[in-house]
Amino acid sequence: MIGALGTLLFFAVTPVFARRAALLLGSLRANFWRLLVATLLLGLWAHLAGRGTSGTSFGWFFLGGLVGFGLGGVAMFQSLPRLGSNLSTLIVQCGSAVVAAAVEWQWLGTRLSPAQFACAALTLAGITIGLLPRSLPRVTPQDWASGIAWALLSALGQGVGAVISRKAFATAAAFGELVDPGTAAYQRALGGLLVAAVVVMAVQRLRPQPPRPPGRAWPWVTANALTGPVLGVTCFQWALRTTPAGIVQPIVAAAPLLTIPFAAWLEGSRPRATYYLGAALAVAGVAGLFIWR
350 MIGALGTLLF FAVTPVFARR AALLLGSLRA NFWRLLVATL LLGLWAHLAG
400 RGTSGTSFGW FFLGGLVGFG LGGVAMFQSL PRLGSNLSTL IVQCGSAVVA
450 AAVEWQWLGT RLSPAQFACA ALTLAGITIG LLPRSLPRVT PQDWASGIAW
500 ALLSALGQGV GAVISRKAFA TAAAFGELVD PGTAAYQRAL GGLLVAAVVV
550 MAVQRLRPQP PRPPGRAWPW VTANALTGPV LGVTCFQWAL RTTPAGIVQP
600 IVAAAPLLTI PFAAWLEGSR PRATYYLGAA LAVAGVAGLF IWR
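According to the working numbering, the sequence shown holds residues 350 to 642 in order.
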């Protein structure tokens, strides 16, 4: 559970760095470069102190990266310009928590207790209240429909990706292997990097653009890589190694509630009153998940 809290904190600050990198590079290129940096850093750890790409669970972790990092991340970036950050994040974070709990129950047979279910629901209710935008985005019906579809696809990818990690850890344990969280994060990052590279190349072929090397974006790309795929995902894998995804995912989903005051402090703005109500409910739900874990 400490890993889940670490993920919550790192995932709370990484969107601020991601936004700065995306403004300079474009979202798809920023995503590719942060995954490349993260894969190199995680690879140093995995090949020097971890298991590298060995182990019976590598295929599962790699698949989890393809689905979670890859499909989930790309779909999220498609939803953002159509629905806006608040609504997209709300759908993806809450949706991924529901997907993770449902898939883990049906696939792995892990069922939440009534108390855990109630605390997870309270957490998601707080996230909904805290992130609900003042008004719906003014977009065409086509953009609205496609934005919702991309957000739901991202939620599906991230939720299923978390459960695949649970399956990977279970597979390793069945063969008497111990996979450290850093190695798990590295093996997942390889899958995510592959998807990100394919998408960037495909978009470049369809809509050629002049190359935009990181240049001034390097500090933001590096900070995004460190707080997201490196430290954040490592903590995420640490949590999933011992705790059901249906418990971990609602805790991690509360990260945007911490992003809001951090961004407000940097930008000099103030959160809405409903944010505080939502944050209070989410904190109560997370506390309950710790008590009844």
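In this text, a Cβ means the ideal position worked out from N, Cα and C, and glycines have one as well.
Predicted model only: the values in this text are computed from it and were never measured.
query                                                                                                                       : result
GLY577 beta carbon near the ligand HEM (any heavy atom closer than 8 angstroms)                                             : Looking at this structure, you won't find the ligand HEM or any other ligand, since it has none at all.
Any 3 or more C-beta pairs closer than 8 angstroms across the segment 459 to 471 and the segment 593 to 613                 : yes
Contact under 9 angstroms by Cβ, ILE513 with LEU384                                                                         : no
7 angstroms CB neighbourhood of THR520 in its chain, flanking five on each side removed                                     : THR405, SER406 and TRP409
Contact check, ASP529 vs GLY355, beta carbons under 9 angstroms                                                             : no
Residue interval of the alpha helix (DSSP H) (run including ARG537)                                                         : 530 to 555
Whole beta strand (DSSP E) elements within the segment 554 to 640, 3-residue minimum                                        : none
Nonlocal neighbours in the same chain, by C-beta distance under 7 angstroms from LEU377, ignoring five residues either side : PHE426, VAL548, VAL549 and VAL552
Distance, LEU542 Cα to PHE611 Cα                                                                                            : 28 angstroms
Cβ pair SER437, GLY421 closer than 9 angstroms                                                                              : no
Cβ contact check for the segment 445 to 454 and the segment 572 to 588: 3 or more pairs under 8 angstroms                   : no
ILE640, buried or exposed, once every other Cβ within 10 Å from all chains shown has been counted against 16                : exposed
GLY458 versus PHE524 - alpha carbon distance                                                                                : 20 angstroms
Residue from ALA511, PHE585 and GLY496 whose Cα sits closest to the Cα of ALA353                                            : PHE585
Sub-9 angstroms separation of ALA602 and GLN491 beta-carbons                                                                : no
N- and C-terminal bounds of the alpha helix (DSSP H) containing TRP454                                                      : Counting along the chain, TRP454 falls outside any alpha helix (DSSP H), and DSSP gives it neither H nor E.
Beta-carbon spacing of ARG431, TRP499 below 9 angstroms                                                                     : yes
DSSP-derived helix/strand/coil call for VAL488                                                                              : coil
Same chain, Cβ closer than 7 angstroms to GLY433, five either side skipped, listed in chain order                           : PRO482 and PRO486
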